[in-house]
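Written out below as structure tokens is the structure these notes cover.
Number of protein chains: 2
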Amino acid sequence: MPQRAAGSVTLADVAREAGVSLATASRALNGGTRQVRGDLLETVLKVAERLRYTANGPAQAMARGRSNVVGLLVHDIVDPYFCSIASGVMRVAARHRLTVTIASTENQPEKEVEYVATLRGQRASAVILAGSRIEHRTLQRRLTVELTAFEAAGGRAVVIGQNRLPFDTVQLGNRPGAADLAARLTGLGHRSFLVLAGPPALLTSRDRLRGFQDGLGRDGVALTAGRIVHTEFTRDGGYDAMARALDGGFRDGCVFAVNDVMAVGAIAACRDRGLRVPADVAVAGFDDIVTLRDIRPSLTTVRVPIETMGEHALDFVLSERAGSPRVKHVTGEVVLRESTRL
Amino acid sequence: MPQRAAGSVTLADVAREAGVSLATASRALNGGTRQVRGDLLETVLKVAERLRYTANGPAQAMARGRSNVVGLLVHDIVDPYFCSIASGVMRVAARHRLTVTIASTENQPEKEVEYVATLRGQRASAVILAGSRIEHRTLQRRLTVELTAFEAAGGRAVVIGQNRLPFDTVQLGNRPGAADLAARLTGLGHRSFLVLAGPPALLTSRDRLRGFQDGLGRDGVALTAGRIVHTEFTRDGGYDAMARALDGGFRDGCVFAVNDVMAVGAIAACRDRGLRVPADVAVAGFDDIVTLRDIRPSLTTVRVPIETMGEHALDFVLSERAGSPRVKHVTGEVVLRESTRL
DNA sequence: CCGTTTTGGGTAAGCGCTTTCCAAGGAGGC
DNA sequence: GCCTCCTTGGAAAGCGCTTACCCAAAACGG
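Going down the list, the sequences are from chains A and B.
Everything in the first sequence is counted per this note's numbering, starting at -3 for the first residue and increasing by one.
Everything in the second sequence is counted per this note's numbering, starting at -3 for the first residue and increasing by one.
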């Protein structure tokens, strides 16, 4: 048996000191609906305060069969997109005395399954998947199984991004957002396009690419296969892909990088090759990352209410479970800036 | 009593199915030093696998008197500086099967005390304070009391930043770093300086300011009080302070913003007033935030191994407690780039 | 070949809470 | 004034694990 940790005050101490039973002390401090007589309540609270009592989280979690932990799964914690989601989640969580634990898959989607299992073990009250879904049947099926087990064990699962899993989802309108962007760019007079897309399996990237094609198609502009470059979903991915395209002879067109950090990489690649943006090459991104608003030329992009998405996700967690999975739609808004001026 | 959560497999289930006692099952799956006979071990592992058993975290934590949670306290999770620290901490944590919970004080240092208390309640194995210490006797005393209680309860406390609290500390050489920067800037020929400092109480800001003054002093350059502007430790703070300085007539000098995001704000303010950097105003920052490396003009700054600091912090957590607080020194390195070219 | 260690399985006592169940007392209703 | 209903305190049964302790059997030493 572990020795009693020194200096740790238990509920029993408070109860004894206050001259009430354990049950009463519990009800006074962390209880639910049951009433406690006014004077007793006050005494207990006062004693707890005096002894600097803090409830033992694990013990509460065990007795209740549920902890107050919300797990947030991201692909990369340094990516400002995920930071913003985390910020939204944490702000709402703090208001409801929930603890947020963050785990990063480091861009290995198979780790999601593993982390959900861990969170199930922790009896977490919810798990929020913030990373893009991917096109991978086996993996997504295993994830569904694990998430179902998680919900069966009493937790809540919420997905941010694509509505591909049978759980409450905060869905971002990637496709319409990208279509709008395409329309605005053709409206500006652009006719020759290049898309820097992420890994082919990444749904966020696919949707943005497809939406962009939708938008171009409506204006009768075609995007040939050669004008789609797949790369990493990162700044360096954007840089490399842009560099390759330029070395392959691409000039005088408009580049759509499927996210802002890739767009920043693309601009850097252009600059390193002596090309001016937007004079020689126009560049647009997606997300409107706040940290990147000071990039010059300022980036044409699609503004996404990222923090709000995190807040919505936690709202799902806090609300009653619905009969069937709910979807909260969130839309982006095109912001034209210098990087695509013609 | 909470009803038994459906679909949740307990260690007892595994033991029964494997035909061994609870103790043996426990020792086979999560046990410490005690040996389990080979065949039994194998059976237990196989059964656990088949039943998809996951240990109940809270129960383990309660039985052991300690959870495997590490709490990370930051001032603002969207700030890339803290993201990088979190990244370093999480990378090491994942290797040691530790769970990281992040809490943001939202720049209200008094919340630190509160969060440490919560973590004590969670029986967290460690708490890492990542935000800058502040000059505030009462608050720091209360924090020390709380952290001492935390360690008395068996946890580990680690501080990143200034060595002001009697706990293991990863100390960043802000003062020498800023002094080096000052030396290099005077070396470049700069003679007229302006410092955009953070809130007066923030030690990170104070140390960088003081170090900068040290460095200037060695080269016989003085910094008058009028040339120090206090502002928020953020991008917008940098913008506002720079704008005020320019409106107050500041021209033709070198601006040291005590961190990179403030420097970015300062550059934006210059641009908005039609001033060129570095031709009209030179600007330097501190931190070398990766996300900001694509800002043009590229930023002269002091490179800080931020992720490494997070890693060191967790190394402290993982190592044995020493007799007296240990300090790991980390230094910055000046990187001259375009923004201060003369 | 017997006494002494060592090895390793099992039993059961907690860890610090929550919550069910029971009982006692008070408030109303007739 | 008796019965019922409501309120609220307390006793105690867990929640799912870890581990101290016990004990049988194997290993070892002389």
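Don't be surprised by glycine CBs; every beta carbon is placed ideally from N, CA and C.
Because the structure is a prediction, the values reported are computed rather than measured.
Leu205/A versus Arg62/A, Arg333/A, Ala280/A, residue with shortest Cα-Cα distance: By one-based count along the first sequence, residue 205/A stands at place 209. Here the closest residue by C-alpha is Ala280/A.
Span of the beta strand (DSSP E) around Val300/A: Here residue 300/A refers to the residue found at position 304 of the first sequence. Where Val300/A is concerned, there is no enclosing beta strand (DSSP E), given that its DSSP letter is neither H nor E.
6 Å CB neighbourhood of Asp215/A in its chain, flanking five on each side removed: Reading the first sequence from its first residue, position 219 is the one you call residue 215/A. Within the same chain, Thr182 come within 6 Å of Asp215/A by CB-CB distance, once the 5 residues on both sides are set aside.
Whether Glu307/A touches Val65/A by CB criterion (7 Å): As a working note, residue 307/A is residue 311 in the first sequence. As a working note, residue 65/A is residue 69 in the first sequence. No Cβ-Cβ contact shorter than 7 Å links Glu307/A with Val65/A.
Counted within 10 angstroms of its Cβ, other Cβ atoms place Glu228/B as buried (16 or more) or exposed: On the second sequence, position 232 is the one that residue 228/B refers to. Using a 10 angstroms sphere on the CB of Glu228/B, the tally of other CB atoms reaches 16 or more, which defines it as buried.
Contact set between Ser63/A and chain B, taken where Cβ atoms lie within less than 7 Å: In the first sequence, residue 63/A corresponds to position 67, counting from 1. Going along chain B in sequence order, the residues near Ser63/A (Cβ under 7 Å) are Pro54.
Beta-carbon proximity of Tyr111/B to Ala99/B, cut-off 7 Å: Stepping through the second sequence from its first residue, residue 111/B is reached at position 115. Stepping through the second sequence from its first residue, residue 99/B is reached at position 103. Tyr111/B places its beta carbon less than 7 Å from that of Ala99/B.
Boundaries of the beta strand (DSSP E) in which Glu329/B is found, first to last residue: Here residue 329/B is taken as the residue at index 333 of the second sequence, counted from 1. Note, Glu329/B: beta strand (DSSP E), 329 to 331.
Within-7 Å CB hit, Asp9/B to chain A: The count along the second sequence starts at 1 and reaches residue 9/B at position 13. No, because no Cβ of chain A sits closer than 7 Å to the Cβ of Asp9/B.
Within-7 Å CB hit, Ser4/B to chain A: Translated into positions along the second sequence, residue 4/B becomes position 8. At a cut-off of 7 Å between beta-carbon atoms, Ser4/B makes contact with chain A.
Cβ neighbours of Gln118/B in the same chain (closer than 7 Å, five flanking residues each side left out): Indexing the second sequence from 1 puts residue 118/B at position 122. In chain order, Ser63, Val65 place their CB closer than 7 Å to the CB of Gln118/B, counting only its own chain and leaving out the 5 sequence neighbours on each side.
Selection of the region 255 to 281 of chain A by Cβ proximity to chain B, strictly under 9 Å: Within the region 255 to 281 of chain A, the residues whose Cβ lies closer than 9 Å to some Cβ of chain B are Val257, Val260, Gly261, Ile263, Ala264, Arg267, listed in chain order.
7 Å Cβ cutoff, Lys305/A in contact with chain B: Counting from one through the first sequence, the residue named residue 305/A turns up at place 309. According to the sequence provided, residue 305/A is Met. The question's Lys does not apply to it. No, Met305/A lies away from the interface with chain B (no Cβ there is under 7 Å from its Cβ).
Pair within 7 Å by beta-carbon distance, Gly222/B and Leu192/B: Mapped onto the second sequence, residue 222/B falls at position 226. Mapped onto the second sequence, residue 192/B falls at position 196. Going by C-beta atoms, Gly222/B is not nearer than 7 Å to Leu192/B.
Proximity of Ala179/B and Gly151/B at Cβ, strictly below 7 Å: Translated into positions along the second sequence, residue 179/B becomes position 183. Translated into positions along the second sequence, residue 151/B becomes position 155. Against a cut-off of 7 Å, the Cβ pair of Gly151/B and Ala179/B comes out as no contact.
Contact under 7 Å by Cβ, Ser201/A with Val254/A: Mapped onto the first sequence, residue 201/A falls at position 205. Mapped onto the first sequence, residue 254/A falls at position 258. The answer is yes: Cβ separation under 7 Å.
Ser83/A at chain B interface by Cβ criterion, 7 Å: Along the first sequence, read from residue 1 onward, the residue named residue 83/A stands at position 87. True, the Cβ-Cβ gap to chain B drops below 7 Å.
C-beta atoms of Ala259/B and Thr50/A nearer than 7 Å: As a working note, residue 259/B is residue 263 in the second sequence. As a working note, residue 50/A is residue 54 in the first sequence. No, Cβ-Cβ distance for Ala259/B and Thr50/A is not below 7 Å.
Where Arg299/B meets chain A, residues with beta-carbon distance less than 9 Å: Position 303 of the second sequence, counted from the start, is the residue given in the question as residue 299/B. None at all; the shortest Cβ gap to chain A is about 16 Å.
Amino acids of chain A, ordered along the chain, whose beta-carbon sits closer than 9 Å to that of Pro76/B: For the purposes of this step, residue 76/B is taken as residue 80 along the second sequence, with counting starting at 1. Here the neighbours are Val74, Pro76, Cys79, Thr287.
Contact with chain A by Arg292/B, beta-carbon distance below 7 Å: By 1-based counting over the second sequence, the position of residue 292/B is 296. It does: the Cβ of Arg292/B has a partner Cβ on chain A nearer than 7 Å.
Cutoff 7 Å: Arg91/B Cβ touching any chain A Cβ: To locate residue 91/B, count along the second sequence from 1; it is residue 95. It does not: the Cβ of Arg91/B has no partner Cβ on chain A nearer than 7 Å.
Where the beta strand (DSSP E) through Ser100/A begins and ends: Translated into the one-based positions of the first sequence, residue 100/A becomes position 104. For Ser100/A, the enclosing beta strand (DSSP E) stretches over residues 95 to 100.
Cβ pair Ser80/A, Glu303/A closer than 7 Å: The count along the first sequence starts at 1 and reaches residue 80/A at position 84. The count along the first sequence starts at 1 and reaches residue 303/A at position 307. In contact: Ser80/A and Glu303/A (Cβ atoms closer than 7 Å).
His325/B, DSSP secondary structure in three states: The residue labelled residue 325/B in the question sits at position 329 within the second sequence. Strand.
Runs of beta strand (DSSP E) wholly within the region 117 to 193 of chain B (minimum 3 residues, chain order): Segments of the beta strand (DSSP E) lying fully in the region 117 to 193 of chain B: 122 to 125, 152 to 157, 164 to 168, 189 to 193.
Distance, Thr95/B Cα to Thr97/A Cα: Indexing the first sequence from 1 puts residue 97/A at position 101. Indexing the second sequence from 1 puts residue 95/B at position 99. Rounded to the nearest angstrom, the two C-alpha atoms are 7 Å apart.
Cβ pair Asp283/A, Val300/A closer than 7 Å: Working through the first sequence from its first residue, we reach residue 283/A at position 287. Working through the first sequence from its first residue, we reach residue 300/A at position 304. Against a cut-off of 7 Å, the Cβ pair of Val300/A and Asp283/A comes out as a contact.
Given Ile291/A as reference, the closest of Val257/B, Met238/B, Val330/B once Cα atoms are compared: Walking along the first sequence from the start, residue 291/A turns up at place 295. Residue Val257/B is the option with its Cα nearest to Ile291/A.
Where His226/B sits in the DSSP three-state scheme: In the second sequence, the residue the question calls residue 226/B occupies position 230. Correct three-state label for His226/B: strand.
CB contact check: Val331/B to chain A, cutoff 7 Å: The residue given as residue 331/B occupies position 335 in the second sequence. Closer than 7 Å: no.
Residue ranges of each alpha helix (DSSP H) within the region 6 to 39 of chain A, 4 or longer: Counting whole runs of 4 or more residues, the region 6 to 39 of chain A contains the alpha helix (DSSP H) stretches 7 to 14, 18 to 26.
Contacts of Ser320/A in chain B (Cβ-Cβ under 9 Å): As a first step, residue 320/A must be located in the first sequence, where it is residue number 324. Within 9 Å Cβ-Cβ: nothing; Ser320/A doesn't reach chain B, min ~19 Å.
Proximal residues, the region 105 to 117 of chain A versus chain B, C-beta separation under 8 Å: Answer set for the region 105 to 117 of chain A: Ala113, Thr114, Arg116, Gly117.
Identity of the residue in Tyr77/B, Arg116/B, Phe78/B, Gln167/B nearest Pro321/B by Cα: The residue labelled residue 321/B in the question sits at position 325 within the second sequence. When the alpha-carbon of Pro321/B is set against those of Tyr77/B, Arg116/B, Phe78/B, Gln167/B, the nearest one is in Gln167/B.
Straight-line Cα distance separating Arg33/B from Lys324/B: By 1-based counting over the second sequence, the position of residue 324/B is 328. By 1-based counting over the second sequence, the position of residue 33/B is 37. Going from the Cα of Lys324/B to the Cα of Arg33/B covers about 43 Å.
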